[in-house]
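Have a look at the structure below, then the notes.
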Amino acid sequence: MPQETSATRLRALAAEIFDVPAEEITDGAAFYEDLGVDSLQKVDFVVRMERQLGLRLTDDEAAGMRDLGGAIAVLRSRGLSVGP
Amino acid sequence: MPASVAVRGVGLRLSEVDDLDSLARRLSAAPAPAAVRRFAAPDTVLAPVERGVYGPVEPRVPARAGARGLRGTPHESLLALASAASSVDGARGPEAAHEPARQDTRAPDDTTAVVWASSTAGLPEYATACAEASTLDPGFVAPALGPASAYNGPAATVSIRLGLAGPNLTLTGGATAGISAVAEAMRLIVAGDASAALVGASATVTRWSLTAANDHLTPAEGAACLALDLAGGPGIQLRGCHRTDLVQATARVIQAAARPETRPDGLVVSTSDTALVDALASSQPFPVWHVERALGDLGAAGGLLAVVGAAALCAAAGGTFVAPGERDPKRPTKILALAVEPCGSTASMEVSSS
Amino acid sequence: MDRDSVAVSGVGAVSPAGLGVPALWRAVEDRRVLTGPVTRYDLTGYPTQRAAEVPPGAIAALDSLVPPHESLAARYLAAAALEALGDAGLPAQRRRRRLGLFVGTVMGTRPLLDRAIGRGPLGVADRAWARPDELLTAVRQVVTVDGPAVLLAPGCSAGNEAIAAGAAAVASGEVDVAVCGGADELSLEVFAFFTSMRALAADTIRPFDAGRRGTMPGEGAAVLVLERAERVAARGRAPLAHVLASASAADAHNLTQPHPDGVGLIATIQTCLDRARVEPDDIDWVCAHGTGTPANDAVEARAVAKALGGRRRPVLSSVKGQLGHAEGAAAVLEAVVGVRALAHGLVPGNVTLLDPDPECAGVDLVEPAGRRGPVRRVLNQAYGFGGAVCTVLLGKGTPDAR
Chain H
40 MPQETSATRL RALAAEIFDV PAEEITDGAA FYEDLGVDSL QKVDFVVRME RQLGLRLTDD
100 EAAGMRDLGG AIAVLRSRGL SVGP
Chain X
180 MPASVAVRGV GLRLSEVDDL DSLARRLSAA PAPAAVRRFA APDTVLAPVE RGVYGPVEPR
240 VPARAGARGL RGTPHESLLA LASAASSVDG ARGPEAAHEP ARQDTRAPDD TTAVVWASST
300 AGLPEYATAC AEASTLDPGF VAPALGPASA YNGPAATVSI RLGLAGPNLT LTGGATAGIS
360 AVAEAMRLIV AGDASAALVG ASATVTRWSL TAANDHLTPA EGAACLALDL AGGPGIQLRG
420 CHRTDLVQAT ARVIQAAARP ETRPDGLVVS TSDTALVDAL ASSQPFPVWH VERALGDLGA
480 AGGLLAVVGA AALCAAAGGT FVAPGERDPK RPTKILALAV EPCGSTASME VSSS
Chain Z
11 MDRDSVAVSG VGAVSPAGLG VPALWRAVED RRVLTGPVTR YDLTGYPTQR AAEVPPGAIA
71 ALDSLVPPHE SLAARYLAAA ALEALGDAGL PAQRRRRRLG LFVGTVMGTR PLLDRAIGRG
131 PLGVADRAWA RPDELLTAVR QVVTVDGPAV LLAPGCSAGN EAIAAGAAAV ASGEVDVAVC
191 GGADELSLEV FAFFTSMRAL AADTIRPFDA GRRGTMPGEG AAVLVLERAE RVAARGRAPL
251 AHVLASASAA DAHNLTQPHP DGVGLIATIQ TCLDRARVEP DDIDWVCAHG TGTPANDAVE
311 ARAVAKALGG RRRPVLSSVK GQLGHAEGAA AVLEAVVGVR ALAHGLVPGN VTLLDPDPEC
371 AGVDLVEPAG RRGPVRRVLN QAYGFGGAVC TVLLGKGTPD AR
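Protein chains in written order, with the numbering used here: chain H, 40 to 123; chain X, 180 to 533; chain Z, 11 to 412.
Laid out in structure tokens, this is it:
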């Protein structure tokens, strides 16, 4: 399982699941409020990330991922290297 | 139940069928050759199989249903949505197709009911979730598979995408479900729960559905939807739903056929029992069409296709199936739709032009 | 249609409390919490491992009651139907009448496939899991059905939709007897995707509690036998309850989230009140959907407070803290509890409630002990994924209460 990922890769994953253009997924664009994502898409994104990276996030960590920047911060706090 | 409901629009997504005219022709023609396709179920012990099927059918979702957010929607729900949106466009006229898609933010005030029949909706999603649960660590099953793995994906998708806040029902089981869907929609309109109804049915063919498919019928995929309301006027009317067992249903057909004033002009049957259709065709004084022979096996959707097929034949009356001079052209055409399940459960409905 | 005349003449249930309505009602009265560690499936590695199962002893006892079938849900349904018809004093086999079957389910026979879940590629044994009509096979072997046989799968509103459809068939004269049921069995598939959605509670379901963390699957079947009141009286029997009204609608909002304002639920509650010509204060118990998920309960409490705004706050509790969420069976199990509540004058409590959620302050949350007193009308609400909502209003069996 890869212990590193990149913001570009995460953005592409989010773009696919949220069905929005990748350029709209900035670090600070809130999934719910700005991107119109629903809770099922959000949890789908979290599980797909967990699968790719082979790690399991706590409920609190998952809840804290409100935007891409937040997701990257949680992954880094778990010791993952997240490139640009 | 009301005396009758009127068909205001029809949406079809069927293999080699574009509209009611071609549906009527297809019912009367020799069965079309089925394209052989290969079906596989990854991450399971099921071996791939090749089988002749009617399909695939492209959804072609109309603009009114919106384009964004449909990426992960199951194929059967897309077929349902496309046929439902087309039935609405048909009911509101050609200009309706250019109405903008609904904005998600406002609370919908359209109390049209959505009543759907399917025996395959959610089946591939359920099985895929099981395969993932078997091959991945706990907690890694794709969450989106879950809500899509029940039977109600098509009805829910139609309601959410078209903003229809009336009752949302899904019927499953065998062929009678497709006729019962019309009966339940009529009930909801009369009770006042619904202002009108979209009644549809759908089926898809996958390696999973083939585990339970009838060997002697051609599996088929597709969807059909009728836009129904109470208003009178000219057009196709549906009335007189009877849900009973095969003995009583057969007795009704024979009694109706015995007298000219009650005799239908034809019978469209949905059943997997081809011998029953042959027996009816040889004993009754009117033509008998068989949904599964003409369109393939669509499970619970077969009953609704019997109703839609009867509507198509009514619309085409005076054309191919009635010999010239055999009938008074002013007399309305009346065709009976009948669904019979292997357990003996039956449902019938009268379809007529006026 | 004269809906006042649709009577409940018999009830039956298979639940995590065991076989029969007496076992179910005793568990409710005794405030037993029936969720516990799952024994049917190996949940090693799952972060939560609890659900509400029909006990193995009860499943073994089905052998002497109903025909064999691979689907537990099919057998639960047959057992509940036989109990309910017996309770109504009706023979299960044909006796010159029109009997219709109206059954709600969410997953039907699909959980048969769950048994193939192991470690590695999925083995697929039988074909009944892909045939929805198989759910009715066992009940059709023991009950003569010569009217409609309708299998409703609209999501978790299924049980109430079955009651609504059956009541309408009785009121219109389409059938003399409507067997209205709901059935689902524990599904590992459902457990697996609820795990991924992080929607499961690890210890206890606590509906309307500030500390609620999620729901748990349940299972079982329940049946109400509906007939015209005159028909019940003609047999020298008194109705157990009446179906006063039902109403259906949809949120038309989102596949998994209820509308934030509960618009579908509010519409169905108001329609039920209008149809039964009763006021909000006439509702003695709101038998809530109350799944115990953070998303559901606050929305539901706000919607009920709005729809039933009277002189007092609506009295509300959920039995899912005790029974788990039995999906398609849930609403009919709850209707059976409602019928008993009407008869016994007990509003069941929120048994697992510790710390009421301030967001639910608009409703009067029943304390765990429940409340003794006259119960004349019970409002039973159900909805689920997909946005379909169905609400049923039950009234006391004796006519003077209406």
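Don't be surprised by glycine CBs; every beta carbon is placed ideally from N, CA and C. Just so it is clear, the structure is predicted and the values come from calculations on it, not from any experiment.
Exercise. Taking all protein chains shown into account, do 16 or more other C-beta atoms lie within 10 angstroms of the C-beta of residue 247 of chain X, making it buried, or fewer, making it exposed?
Worked result: exposed
Exercise. Since residue 254 of chain X is in the alpha helix (DSSP H), which residue starts that stretch and which ends it?
Worked result: Here the alpha helix (DSSP H) through residue 254 of chain X covers 254-271.
Problem set entry | Simplified DSSP assignment, three categories, for residue 49 of chain Z | coil
Exercise. Quick one: is residue 59 of chain H near chain Z, going by C-beta distance under 9 Å?
Worked result: No, because no Cβ of chain Z sits closer than 9 Å to the Cβ of residue 59 of chain H.
Problem set entry | Sub-9 Å separation of residue 171 of chain Z and residue 61 of chain Z beta-carbons | no
Exercise. Below 9 Å between beta carbons: does that hold for residue 184 of chain X and residue 494 of chain X?
Worked result: Their beta carbons are not under 9 Å apart, which means residue 184 of chain X does not touch residue 494 of chain X by this criterion.
Problem set entry | Own chain residues within Cβ distance below 8 Å of residue 221 of chain Z, not counting five before or after | 364, 365
Exercise. Which chain Z residues are close to residue 79 of chain H, counting only those with a beta carbon under 9 Å from its beta carbon?
Worked result: 207, 264, 265, 266, 267
Exercise. Sorry if obvious, but does the Cβ on residue 323 of chain Z come closer than 8 Å to a heavy atom of the ligand NAP?
Worked result: No copy of the ligand NAP occurs in the structure displayed, which carries no ligand at all.
For this session: Return no unless some Cβ of chain Z is closer than 9 Å to the Cβ of residue 317 of chain X.
Result: yes
Exercise. Hey, residue 392 of chain Z and residue 166 of chain Z are a contact pair by Cβ (cut 8 Å); roughly how many whole angstroms apart?
Worked result: Sure, about 6 Å apart at Cβ, within 8 Å.
Exercise. Any C-beta of chain A sitting closer than 9 Å to the C-beta of residue 56 of chain H?
Worked result: Checking the listed chains, one finds no chain A in this structure; the protein chains it contains are H, X and Z.
Exercise. Could you give the distance in angstroms between the alpha-carbon of residue 180 of chain Z and the alpha-carbon of residue 195 of chain Z?
Worked result: Going by the C-alpha atoms only, they are around 28 Å apart.
Exercise. What is the rounded straight-line gap between the Cα of residue 100 of chain H and the Cα of residue 231 of chain X?
Worked result: 49 Å
Exercise. What separation, rounded to the nearest whole angstrom, lies between the Cα atoms of residue 479 of chain Z and residue 16 of chain Z?
Worked result: Here chain Z covers residues 11 to 412 and nothing more, so residue 479 of chain Z does not appear.
Exercise. Going by DSSP, which residues form a beta bridge with residue 528 of chain X?
Worked result: According to DSSP, residue 528 of chain X bridges with X:516.
For this session: Since I believe residue 339 of chain Z is in contact with residue 128 of chain Z (beta carbons under 8 Å), could you give me their beta-carbon distance rounded to a whole number of angstroms?
Result: Actually they are not in contact, since the Cβ atoms of residue 128 of chain Z and residue 339 of chain Z sit about 27 Å apart, beyond 8 Å.
For this session: Report yes or no: is there a C-beta of chain Z within less than 9 Å of the C-beta of residue 86 of chain H?
Result: yes
Problem set entry | Residues of its chain near residue 368 of chain X, where Cβ-Cβ distance is below 8 Å and the 5 sequence neighbours each way are ignored | The answer, listed in chain order, is 181, 184, 292, 374, 375, 376, 407, 408, 409.
Problem set entry | Cβ contact (3+ pairs, closer than 8 Å) linking the stretch 359-368 of chain X and the stretch 440-459 of chain X | no
Exercise. Between which two residues does the beta strand (DSSP E) harbouring residue 190 of chain X extend?
Worked result: Its beta strand (DSSP E) spans residues 184-193.
Exercise. Cα separation between residue 506 of chain X and residue 465 of chain X?
Worked result: In this prediction, residue 506 of chain X scores a pLDDT of 49, lower than 50, which makes its location untrustworthy; no coordinate-derived value is stated.
For this session: Closer than 7 Å, Cβ to Cβ, to anything on chain Z: give me those residues from the stretch 63-74 of chain H, in chain order.
Result: Residues: none.
Exercise. Any Cβ of chain Z within less than 9 Å of the Cβ of residue 121 of chain H?
Worked result: For residue 121 of chain H, the answer is no, since every Cβ of chain Z falls outside 9 Å of its Cβ.
Exercise. Between residue 428 of chain X and residue 266 of chain X, is the Cβ-Cβ spacing less than 9 Å?
Worked result: no
Problem set entry | Opening and closing residue of the alpha helix (DSSP H) in which residue 203 of chain Z lies | Run containing residue 203 of chain Z: 198-206, per the alpha helix (DSSP H) assignment.
For this session: Kindly list, in the order they appear in chain H, the residues whose Cβ is closer than 7 Å to that of residue 323 of chain X.
Result: The contacting residues are 79, 83.
Problem set entry | Close beta carbons around residue 80 of chain H, own chain, < 6 Å, minus the five adjacent residues each side | 56, 57
Exercise. Is residue 465 of chain X helix, strand or coil when you go by DSSP?
Worked result: coil
For this session: Check residue 27 of chain Z in the structure and name its three-state DSSP category.
Result: coil
Exercise. Can you tell which of Z:57, Z:21, Z:65, Z:383 has the C-alpha that lies nearest to the C-alpha of residue 95 of chain H?
Worked result: Here the closest residue by C-alpha is Z:57.
Problem set entry | Proximal residues of chain H, C-beta to C-beta of residue 271 of chain X below 8 Å | Those within 8 Å of residue 271 of chain X in chain H number zero; the least Cβ separation is about 27 Å.
Problem set entry | Those runs of the alpha helix (DSSP H) which lie wholly inside the stretch 187-245 of chain X and span at least 4 residues | 199-207
Exercise. When the Cβ atoms of the stretch 238-255 of chain X are set against those of the stretch 389-397 of chain X, are three or more pairs found closer than 8 Å?
Worked result: The stretch 238-255 of chain X, when compared against the stretch 389-397 of chain X, does not touch it at the 8 Å Cβ threshold.
Exercise. Within 10 angstroms of its Cβ, does residue 354 of chain Z collect 16 or more other Cβ (buried), or is it exposed?
Worked result: Exposed, because fewer than 16 other Cβ atoms sit within 10 Å of the Cβ of residue 354 of chain Z.
For this session: Using a Cβ-Cβ cut-off of 9 Å, state whether residue 43 of chain H counts as contacting chain X.
Result: no
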